[in-house]
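Just below is one structure, and these are the notes that go with it.
2 protein chains.
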Amino acid sequence: MKEIQVVWHKVPDTDCVLSAIIAADYLEKKWYKKATPYIQGELNKETAYLLEQLNINIPETKTSFPEGTNICLVDHNEEFQTLDNLKELNVEWVIDHHKMKFETPTPLNMRVEPICSTGSILYKMYKESGFEISKNIAIMMLACILSDSLLFRSATTTKEDTILAEELKTISWIEDFEAFAMPMFNEKSDLWDMLVEKLIKYDYKEFDLNWTKVWIWTLETTNPWYGLGRKNEILEWLEAIKQKDNLDFIMLSIVDIIWEKNTTIVLDWKDTEILEEVFNCTAENNLADLKNRLSRKKQVVPDLTKYFG
Amino acid sequence: MKEIQVVWHKVPDTDCVLSAIIAADYLEKKWYKKATPYIQGELNKETAYLLEQLNINIPETKTSFPEGTNICLVDHNEEFQTLDNLKELNVEWVIDHHKMKFETPTPLNMRVEPICSTGSILYKMYKESGFEISKNIAIMMLACILSDSLLFRSATTTKEDTILAEELKTISWIEDFEAFAMPMFNEKSDLWDMLVEKLIKYDYKEFDLNWTKVWIWTLETTNPWYGLGRKNEILEWLEAIKQKDNLDFIMLSIVDIIWEKNTTIVLDWKDTEILEEVFNCTAENNLADLKNRLSRKKQVVPDLTKYFG
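Residue numbers (numbering that gives the first Met the number 0), protein chains in the order written: chain A, 0 to 308; chain B, 0 to 308.
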């Protein structure tokens with residue numbers, strides 16, 4: 000019986016953090032002597048709130064492991080989103096629901112499905128293996144689904160996610176999804192006191208689209224004004240980061256999860272031209288209305304991929 | 000309800016052909032209106048024998064599909080092993096048990112496990128979904144396991160494969176694995192009357208190891224003399240192919256599945272040097288004893304990957 004380290008990506012959200020904790024439980028039940036979840040980046044407030052509610056300690060932070068360590072990647076698969084020394088490690092498992100850019104020297108376990116949350120996939124894996132699901136694990140699975148689907152509002156939500164969430168009602172003892180999710184979303188929205196430096200590190204994803212280096216931020220919030228009210232501060236930071244990291248394109252979307260609207264901050268004329276062409280919109284004063292594009296994965300990245308492809 | 004085309008790789012063996020036929024059945028049960036298996040290369044004699052026994056028509060050959068066609072890749076994932084125009088297609092499913100080198104623009108379904116045969120994975124998927132398994136499908140699953148594991152002799156065989164095969168006894172009505180598999184293996188071994196041109200196209204795999212173009216043939220046979228007796232003819236062909244396709248390294252392993260031995264034909268001094276270093280062996284008269292390395296995937300490719308990596 001061997002050990003495995005379960006890691007999530009560098010900019011963690013609720014689905015990936017809770018999924019890594021669930022996955023560690025699953026892998027120990029399955030065939031590992033010990034499976035331990037690790038952090039790579041700072042938790043957002045929604046996730047921190049949930050861990051506190053569930054009385055779970057924040058896992059240890061690690062960005063690399065000794066050569067040959069067995070690794071399970073959760074909620075991501077692309078190299079630059081993960082551990083610094085991935086090439087030296089032995090990836091035995093990938094559990095994910097994103098597009099693929101992945102390479103290994105040996106066969107491994109991969110479970111990838113185009114559904115809303117990694118938590119949904121894990122719930123299916125428990126059922127398939129006939130594993131018992133504790134109340135706490137069920138709450139975490141439900142939190143993954145509600146967080147990633149923004150209470151079933153996001154375009155990534157599938158019919159299967161809603162069915163799985165309904166099934167989880169009984170095991171989690173949570174009957175009222177709205178009552179459970181709104182405090183989570185409010186925590187996430189509480190960006191007012193956050194320094195812009197921190198805000199900006201909050202939920203970006205880097206994409207390497209056909210040799211083009213693209214960063215896309217998404218701030219999901221019940222109060223978009225927390226972000227929009229600090230547009231100038233944010234623009235300064237975007238400019239500094241774009242130069243420092245030599246990026247080809249950046250955008251920061253502020254997603255209003257109550258009214259289901261995406262307002263995107265765009266930096267310069269070059270990025271504006273790209274944004275307007277890709278999303279068929281008009282930007283004014285560095286702001287563009289991307290309408291109901293709530294899902295970066297499904298409604299933003301594919302169009303940009305096509306453009307840069 | 001949409002349609003999907005299920006394809007296997009360019010040099011088909013029993014596991015990939017039967018798995019594609021099984022996968023088409025699974026996907027139709029799952030959520031596709033129509034799922035059709037297609038060939039990309041010529042069947043080997045073992046597979047042709049099994050299809051005849053099972054009274055299944057040989058599927059149509061196709062090496063490309065119209066843009067945007069939904070595709071399921073079975074038993075492979077690397078681009079050069081598959082359809083000519085993969086980049087234009089919509090890969091919705093991958094069911095495989097090999098190392099990974101794969102990229103998509105959008106999320107998809109992937110089911111990858113490091114077990115012996117794709118047929119084993121499919122049997123698990125049927126069980127997980129609660130789908131009924133017909134006698135014919137069970138026989139095909141069993142044939143996949145017995146063929147890819149060389150009757151549980153290959154190093155790729157896992158404990159799980161043997162357990163799954165035992166379970167399949169009841170549904171397939173096949174009690175005696177040896178009696179079922181030996182005629183299959185004998186068919187595969189009947190290479191005597193085969194032209195070398197054909198023999199050579201029989202079961203090679205191309206690998207792109209860190210920009211190095213490597214071709215590895217494996218001829219599994221109950222009578223290695225069929226191949227070894229024509230060494231000079233084979234060498235001529237290897238040389239022609241190496242030049243034509245501008246390869247960096249080639250080797251042809253003749254695997255004796257009764258006595259579990261790998262005798263490898265190597266072409267020139269350059270390849271011999273590499274072979275001797277990688278496998279810690281001595282080649283004489285273009286022949287090297289690679290001992291019990293029955294599995295290309297597990298006992299040949301990883302060492303070469305490390306060397307070229």
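Don't be surprised by glycine CBs; every beta carbon is placed ideally from N, CA and C.
Check	Outcome
Check whether residue 227 (chain A) and residue 176 (chain A) have beta carbons under 8 Å apart	no
Below-8 Å beta-carbon distance, residue 84 (chain A) vs any chain B residue	no
Classification of residue 242 (chain A) by the beta-carbon crowding that lies within 10 angstroms, buried from 16 upward	exposed
Span of the alpha helix (DSSP H), counted from its first residue to its last, around residue 167 (chain B)	158–171
DSSP state of residue 9 (chain A) mapped onto helix, strand, coil	coil
Residue range of the unbroken alpha helix (DSSP H) whose run includes residue 277 (chain B)	268–278
Own chain residues within Cβ distance below 6 Å of residue 92 (chain B), not counting five before or after	71 and 108
Interface residues of chain B facing residue 98 (chain A) [CB-CB closer than 7 Å]	103, 104, 105 and 106
Cross-strand partners of residue 30 (chain B) (DSSP beta bridge)	Paired residue(s): none; residue 30 (chain B) is not in a bridge.
Minimum Cβ-Cβ distance from residue 140 (chain A) to chain B less than 8 Å	no
Backbone CA spacing between residue 4 (chain B) and residue 69 (chain B) [nearest angstrom]	6 Å
Nearest to residue 100 (chain A) (by Cα), restricted to the options A:294, A:32, A:287 and A:77	A:77
Residue 270 (chain B) versus B:213, B:296 and B:304, residue with shortest Cα-Cα distance	B:213
CB contact check: residue 111 (chain A) to chain B, cutoff 8 Å	yes
CB contact flag (residue 130 (chain B), residue 25 (chain B), <8 Å)	yes
DSSP bridge partner residues for residue 260 (chain A) (one or two, in chain order)	A:255
Those residues which DSSP pairs with residue 101 (chain B) across a bridge	A:101
Minimum Cβ-Cβ distance from residue 325 (chain A) to chain B less than 8 Å	This structure gives no information on residue 325 (chain A), because the portion of chain A shown stretches from 0 to 308.
Distance CB(residue 142 (chain B))-CB(residue 13 (chain B)) smaller than 8 Å	yes
Length of the line joining the Cα atoms of residue 113 (chain A) and residue 157 (chain A)	9 Å
Residue 46 (chain A), DSSP secondary structure in three states	helix
Own chain, CB closer than 6 Å to residue 257 (chain B), minus 5 neighbours either side, in chain order	221
Members of the stretch 112–132 of chain B that neighbour chain A once the beta carbon cut-off is set at 7 Å	112, 113 and 127
Helix, strand or coil at residue 244 (chain B) [DSSP, three-state]	coil
Bridge-paired residues (DSSP) for residue 36 (chain A)	A:5
CB contact below 8 Å: residue 221 (chain B) versus chain A	no
Segment limits, alpha helix (DSSP H) that includes residue 117 (chain A)	117–128
Where residue 137 (chain B) falls: helix, strand or coil (DSSP)	helix
Neighbour-count burial assignment, residue 272 (chain A), 16 or more Cβ in a 10 Å radius	exposed
Partner residues on chain B for residue 296 (chain A), Cβ-Cβ distance less than 8 Å	106
Per-residue burial, residue 35 (chain B) [other beta carbons within 10 Å of its own, 16 or more giving buried]	buried
Enclosing beta strand (DSSP E) for residue 217 (chain A) [first to last residue]	211–220
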